[in-house]
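Protein chains in written order, with this note's numbering: chain A, 260 to 329; chain B, 25 to 211.
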């Protein structure tokens, strides 16, 4: 993967995170049921963390060499 | 001599893997720390959140931290591809966003209409304070990475210093991903 492709991948990840954050806010403001809000926020939080850990922190590449960045 | 070179390279690779594993273990221990604070928030206050909490400021702070994750990612990617100039620019942008985030936290503390000695205030100030101290640490180490990058210490084959700092920055972002709804949105 070249630099432009990697940068594009990062941009996609941040767009997903922005959308999920907006959804979080709408859920918190728009839904009255506490149980539903807490459940949905927990699920979205885990999804956002998974995106950051995989796309930004490269968890699946922990055992690769430094030259294998892409 | 020819046999020593591959051995040295293998040693370097092994050291890198151990460094990465060490960093992930550090994240694991930090997760326990932050998790304890989040659990204490719900144990002490349930899902109560004061109405006077500034929701807009919370959303803005979250957005700033998310954008800083992108600039940090771009810095690491650029340096990993030998584009040091762009990498340094993105490191600088990440530091600026970190400082803006910290300034926002200070503003929030100054306008908060609850005190640290009451239930929610205890959780709010301790959680945001603990997180802000990690952001400040991240800004410091990003500064060091910027300094080393300026001196040409990193190359596509050797940039663990940047990668480690950027991973730490992303971890701080992950923490906020859970702290933000726990402090602001659950009510």
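No residue lacks a Cβ here, since even glycine has one placed at the ideal position from N, Cα and C.
Classification of residue i by the beta-carbon crowding that lies within 10 angstroms, buried from 16 upward
| i | result |
| --- | --- |
| residue 208(B) | buried |
| residue 108(B) | buried |
| residue 90(B) | buried |
| residue 320(A) | exposed |
| residue 67(B) | exposed |
| residue 204(B) | buried |
| residue 164(B) | exposed |
| residue 293(A) | exposed |
| residue 142(B) | exposed |
| residue 98(B) | buried |
| residue 104(B) | buried |
| residue 118(B) | buried |
| residue 300(A) | buried |
| residue 75(B) | exposed |
Delimiting residues of the alpha helix (DSSP H) encompassing residue i
| i | result |
| --- | --- |
| residue 191(B) | 184 to 204 |
| residue 156(B) | 143 to 174 |
| residue 93(B) | 79 to 104 |
| residue 288(A) | 262 to 289 |
| residue 122(B) | 108 to 135 |
| residue 73(B) | No alpha helix (DSSP H) holds residue 73(B); DSSP gives it neither H nor E. |
| residue 316(A) | Unbroken run through residue 316(A): none, as it is neither H nor E. |
is_contact[residue i, chain B] using C-beta, thresh 7 Å
| i | result |
| --- | --- |
| residue 309(A) | no |
| residue 289(A) | no |
| residue 299(A) | no |
| residue 293(A) | yes |
| residue 260(A) | no |
| residue 279(A) | no |
| residue 273(A) | yes |
| residue 266(A) | yes |
CB contact below 7 Å: residue i versus chain A
| i | result |
| --- | --- |
| residue 191(B) | yes |
| residue 196(B) | no |
| residue 205(B) | yes |
| residue 202(B) | yes |
| residue 67(B) | no |
| residue 209(B) | yes |
| residue 93(B) | yes |
| residue 175(B) | no |
| residue 98(B) | yes |
| residue 90(B) | yes |
| residue 161(B) | no |
| residue 101(B) | yes |
| residue 105(B) | yes |
In DSSP terms, what residue i is bridged to
| i | result |
| --- | --- |
| residue 179(B) | 182(B) |
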